[in-house]
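Okay, structure first, notes after.
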Amino acid sequence: EWLENLIKPLKSKNIAGVFGKEVPYDNCNCCEARRVIGTFERIPDGMFTSSNAVIKKGTWLKNKYDEKTTSSEDWFWAKKVKEKGYKIEYASDAIVLHSHNINFSKLFNRIKNQTYNIARLEKINPITLFLKGIMNFIYCMFFDLKFIRFNPLKIPFILIYELIVLLSFMSAAISLGLRK
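Below, the structure written as structure tokens:
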């Protein structure tokens, strides 16, 4: 049923790829779980995730991922094929378990790389990215606290996690500024 739901939209001629819904593993940390759930409640513009996706072979052969992109290569690919007139579909009924329980060092690098690459893709300037990082911190703290029902034992973890994400945004903004 999962695969049927994922490939069903490919029958349309203009569809380049389809991605499905992700839900976090049961052992996922609370911040990552809230991010995964939140992302798939309101799909961001331009999103395409290859962790649960299918791509038409003919489209793929003409439009492969950029091998030089270190992260978010699926978003770059989706933008490229959309610019060529193709469409990307989201199949909310094609569901897989997918989440990351990574240490804080890997979290910093992952978020920095993703943020940097998406900022490049969307042509976001460093100051705007810096401000988005602050807004993201406030937003995520609020929703993380709500997600854990204000459990005081989890608050220190959430604070550290979201500060690392904020520092990742700031580092990406600095890298973006140095690139110019």
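My numbering applies: residue 1270 is where the sequence shown begins, and numbers increase by one. Note that the Cβ used here is the ideal one computed from N, Cα and C, for glycine as well.
- The three-state secondary structure of Y1408, taken from DSSP, is helix.
- The continuous beta strand (DSSP E) containing L1366 extends over residues 1356-1366.
- Counting only the Cα atoms, I1429 lies some 28 Å from F1317.
- For I1324, DSSP records a beta bridge to G1286.
- Selection R1448, V1287, K1282, G1327 evaluated against Y1359 yields V1287 as nearest (Cα-Cα).
- Judged by their CB atoms, C1409 and E1431 are nearer to each other than the 8 Å cut-off.
- Note on geometry: alpha-carbon atoms of K1349 and I1407 lie some 32 Å from one another.
- Here E1342 carries a helix assignment [DSSP, helix/strand/coil].
- In the DSSP assignment, the residues bridged to E1291 are V1365.
- As the crow flies, the alpha-carbon of D1362 is around 22 Å from that of C1297.
- Under the DSSP assignment, L1422 falls outside any alpha helix (DSSP H); it carries neither an H nor an E label.
- Between the stretch 1363-1379 and the stretch 1414-1422, the count of Cβ pairs shorter than 8 Å is below three; the stretches do not touch.
- Given a length threshold of 4 residues, the stretch 1384-1408 has no whole run of the alpha helix (DSSP H) inside it.
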